[in-house]
Amino acid sequence: MSRALFVGVDAGSTTLKVVILDDSARGVWHAIEPASPLVQPQAIRMVAQGLSAVGRPGPGPEGGPWWGEPAVADGVVVVATGYGRKLVPGAAMTPTEIACHARGAYFSLGQAGTLIDIGGQDSKVIRFGAEGAVEDFAMNDKCAAGTGRFLENTAQRLGLQVGQLDELALSTLDETPISSTCTVFAESEIISLLARAVPLPSIVRGLHRAMVSRVASLVRTVGVKGPLFLSGGVAMNRAVQWMLAQELGGGKVVVPEAPQRLGALGAALTGLRSGR
Ligand code: ADP
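The sequence shown begins at 1 in the working numbering and counts up by one.
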């Protein structure tokens, strides 16, 4: 009999992530794609692709062995999280992103602490203990200013890729304060700063500061206990890493190996734990 597989699907508002673990919690496959407006077909296709890649194609559409079937019967346990988690077919469980991120963080980092997750359209702060047990959390999903969307929109406005922003922000010590906390108004502010010939790196640094200050306020509502960890797509931005560490007492911010897949990893681990 083939070994059981544990599939974690994180259907986020900006990206869809899939992680597949074997029964010893070893990662055997993973993928990430921009989120399509239709969660269901995308999740089916990506999971089927992963299962096929690890030699477990099934009889369902596109080889999905779990489509419409009780997943556990096939030795494949699918656990879905993220805002679209209820739309993932065949999911045996649908834990929240908060629980999955905490579990993924504890597994990746091996210790309790405080996790800041900055995604495309929300940010969250989760204080967790041993085994990723959630002690407290706060979430911002109402305002784009403390999320990846803020930097993404402004990058677009400046004709830059989001991945180029951190280098620009770190290339100067000069920082132009951005007074607009709303993404839409911040865009107009950028236009007028550029028109006044304010140097681009200084504007970009100011934008990072505006976003990080928002996130830091959210962190303060929960309070930091133990090391600070950073996840989500925005965790790959080195200027955000540095500024958060600076704003939150000059400490260090630790970024796990695959910060954007932490929720999907936590979902797969949830399946593994329940399947044992
Ligand atoms: P969600 O889980 O909410 O769908 P993610 O955690 O996948 O979101 O993060 C998506 C965000 O990460 C987007 O706003 C995107 O701009 C940002 N992002 C992706 N890659 C990078 C990068 N290299 N540097 C900075 N930000 C990035």
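All C-beta atoms in this analysis are idealised placements derived from N, C-alpha and C, irrespective of residue type, glycine included.
Is Val18 near the ligand ADP, judged by its Cβ being under 8 angstroms from some heavy atom? no
Quick check on the burial criterion: 16 or more other C-beta atoms within 10 angstroms. Buried or exposed for Phe185? exposed
Reference Leu170, options Gly148, Pro201, Ile190 and Ser108, closest by Cα: Pro201
Beta strand (DSSP E) containing Leu16: first to last residue? Thr15 to Asp22
In chain order, what residues of the same chain lie with their CB nearer than 6 angstroms to the CB of Ser274, ignoring the 5 residues before and after it? none
Give me whichever residues DSSP pairs with Arg127 in a beta bridge. Thr114 and Asp136
Does the separation of the CB atoms of Arg85 and Val7 fall below 9 angstroms? no
Pick out the complete beta strand (DSSP E) segments inside the stretch 145-216, 3 residues or longer, and give them in chain order. none
Limits of the unbroken alpha helix (DSSP H) element including Ser108: Glu97 to Leu109
Please determine whether the Cβ atom of Gln260 lies at a distance below 8 angstroms from any heavy atom of the ligand ADP. yes
Report back the beta-carbon spacing between Thr81 and Gly263 to the nearest angstrom; my notes put them in contact at under 8 angstroms. 5 angstroms
Check each candidate in Phe150, Pro57 and Met236 and name the one with the smallest Cα separation from Gly206. Phe150
Per DSSP, cross-strand counterpart(s) of Met93: Val79
Any chain B beta carbon closer than 9 angstroms to Thr81: Checking the listed chains, one finds no chain B in this structure; it contains a single protein chain.
On the DSSP bridge assignment, give the partners of Pro34 in chain order. Thr15
Measure the beta-carbon distance from Val255 to Gln241 and round it to whole angstroms, keeping in mind my assumption that it falls under 8 angstroms. 6 angstroms
Does DSSP put Gly266 in a helix, a strand or coil? helix
Using a threshold of 9 angstroms, state whether the C-beta atoms of Ile191 and Arg157 are closer than that. yes
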